[in-house]
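Be aware that the sequence shown starts at 3, since it is given in the working numbering, and climbs by one per residue.
Have a look at the structure below before the remarks.
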Amino acid sequence: MARILIADDQPDVLEALRILLKGAGHQTDAVTSLAGIFNALEKKDYALLMMDLNYTRDTTSGQEGLEVIPKLQEVDSTLPIVVMTAWATIDLAVEAMKRGARDFVPKPWDNERLLAIVRTQIELAGALRKGRKLEAANQLLRGGAPNIIAESPAMRPVLEMISRVAPSDANILITGENGTGKGLIAQALHALSPRTSHTMITVNMGGLSETIFESELFGHVKGAFTDAKTDRAGRFELADESTLFMDEIANIPLNLQAKLLRVIETGEFERVGSSKTLHANVRIISATNSNLQNEVAAGRFRQDLLFRLNTIEIGLPALRDRKEDIMPLANNFLRMHAKRYRKELGGFDETARERLMTHPFPGNVRELDHVIERAVLMSTGAQLKARDLGLSTGTGDSRGLEDMSL
């Protein structure tokens, strides 16, 4: 059973289609205007759109519908559009399909032919969507993006979400504990996006004091303050036509959040010391290890800013919840650090594997990386042993670990 959106300015046509499609096992939503189509597509996913080409009284040219078809394709290029009109001509059908429609149904229609078109287009669109999803997943896993090692069931939804949303321009919020790899996911999202030809710009919001916040994000002009010896572009300006990754987004002081909200909403900003308004076309990816809803409830984070940041939220599981990935990750880190430090090591012995699989890794993937790097440096044998790892057995701590905060 598929959900189909039907658009026509004639209520009797909508009702006839609803009855026919319901009898074939489909669900339908109906709208009576072109604006209604876009509103519906924002709220739900549809397997097919059936739309009339004329909506203004006494208009028969089909131009209204023809002009909107390319815009609908921009919203969802995989959505099959079947156009229909009582004023059908071969030229009109050809023009509609040139602009992105998949098929054409004249009014009055033949029920069997209409249902056959619906069935065929839904099947073709399903195959197209599946193919694109597999292509994106293969690109993600085979070098089109940073090396994401993810064999565990807990990471499958993350990979699927990346492949679905990376090609869009939607702002994305990545959440997860310290060390779970939020920066790597941001790199993957950018690498699989249409903006990948431009360098992703990164800024650690936790490292920006109130005094340099505006200068770092929006830039400044010479003489704007004591140390402003030359003009300087800010991160938004540098990220024009690209992606801006804002790490530790929860650490922005409340009194500065409105300034960030404005540029996200409008794309407009001014360098410090200048009244000239600049514009940047930037996709925002942000990350936090905090619960931003709790921060909003506590009055430390603006609700409207959160709405702008998390069009899509991707939550990363802790390493303890993806144990199937521990050894693949450990082997990857071993190869990387053994090459870096020019050491010949033949993997992990059984004691090391057991210790790795039972350690809770409160510092997540970053802690695992640190543990393996140190073990490579400290090892004296052909394989890494449990004693090389420096993992205590009674607690969740690793001896001598550096600061694990993001």
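Built from N, CA and C at the ideal position, the CB exists for glycine as well.
Model, not experiment: these values are computed from the prediction.
For the beta strand (DSSP E) that residue i lies in, which residues bound it at each end?
| i | result |
| --- | --- |
| G317 | I314 to G317 |
| T290 | R285 to T290 |
| P108 | D105 to P108 |
| D31 | Q29 to V33 |
Can you tell me which residues form a DSSP beta bridge with residue i?
| i | result |
| --- | --- |
| L51 | L7 and I83 |
| R234 | H222 |
| V120 | DSSP output for V120 lists no bridge partner at all. |
| I92 | Bridge partners of I92: none, in fact. |
| L386 | F350 |
| I174 | I287 and I314 |
Report all residues from its chain with a CB closer than 6 Å to the CB of residue i; omit the five preceding and five following residues, and keep chain order.
| i | result |
| --- | --- |
| L55 | G64, G67, V85 and T87 |
| F215 | L258 |
| Q29 | R5 |
| A235 | G221 |
| Q305 | V298 |
| A340 | L347 and V378 |
| I124 | A4, A49 and L50 |
| G275 | H222, V223 and A226 |
| P319 | A156 |
| D233 | V223 and K224 |
Which of the three DSSP states is assigned to residue i in this structure?
| i | result |
| --- | --- |
| L393 | strand |
| H192 | helix |
| N180 | coil |
| G221 | strand |
| L246 | strand |
| I151 | coil |
| L19 | helix |
| H339 | helix |
| L347 | coil |
| I214 | coil |
| T466 | Missing from the structure shown is residue 466; the chain here goes from 3 to 408 and no further. |
| F363 | coil |
| T279 | strand |
| M406 | Here M406 scores only 34 on pLDDT, less than 50, and its place in the model is too uncertain to base an answer on. |
| A332 | helix |
| L143 | Confidence at L143 is low in this model, with a pLDDT of 47, below 50, so the placement of that residue is unreliable and no value is reported for it. |
| P13 | helix |
| A156 | helix |
| S165 | helix |
| D306 | helix |
Here's the rule: buried if 16 or more other CB atoms are within 10 angstroms of the residue's CB, otherwise exposed. What is residue i?
| i | result |
| --- | --- |
| V15 | buried |
| F335 | buried |
| L281 | Reading the sequence as shown, one finds His at residue 281 and not Leu. H281 comes out exposed. |
| K446 | With the chain running from 3 to 408 in the structure shown, residue 446 is simply not present. |
| E243 | exposed |
| I254 | buried |
| F350 | buried |
| G178 | buried |
| A300 | exposed |
| S381 | buried |
| E369 | buried |
| F238 | buried |
| F363 | buried |
| N366 | buried |
| P72 | exposed |
| F227 | exposed |
| Y48 | buried |
| L256 | exposed |
| D93 | exposed |
| N312 | buried |
| E17 | exposed |
| F271 | buried |
| L130 | exposed |
| T182 | buried |
Counting only the same chain and skipping the five closest in sequence on each side, list residues whose C-beta sits under 7 Å from that of residue i.
| i | result |
| --- | --- |
| R324 | S154, A156 and M157 |
| I151 | D327, P330, L331 and N334 |
| G207 | Sequence inspection shows Met at residue 207; the Gly mentioned does not correspond to that position. Closer than 7 Å at the Cβ level, and outside the excluded window around M207, lie M248, D249, E250, I251, N253 and I254. |
| N291 | G178, E179, N180 and L408 |
| D105 | V84, I119 and Q123 |
| E114 | none |
By Cβ distance, which residues of its chain are closer than 8 Å to residue i, with the 5 residues on each side in sequence left out?
| i | result |
| --- | --- |
| A9 | A32, V33, T34, S35, L36, G38, I39, L51, M52, M53 and D54 |
| P169 | A138, L194, S195 and P196 |
| G269 | H281, A282, N283 and V284 |
| P108 | M86, T87, A88 and A90 |
Can you tell me where the alpha helix (DSSP H) with residue i in it begins and where it stops?
| i | result |
| --- | --- |
| V205 | Taken as a continuous stretch (DSSP letters only), V205 belongs to no alpha helix (DSSP H), being part of the beta strand (DSSP E) at I203 to N206. |
| T268 | L256 to T268 |
| H372 | N366 to M380 |
| V274 | Element bounds for V274: n/a, residue is neither H nor E. |
| L68 | Q65 to V77 |
| A37 | L36 to K45 |
| I251 | Looking at the DSSP string, I251 is not in any alpha helix (DSSP H), and its letter there is neither H nor E. |
| A320 | Careful: A320 lies outside any alpha helix (DSSP H) and carries neither H nor E. |
| A299 | L294 to A299 |
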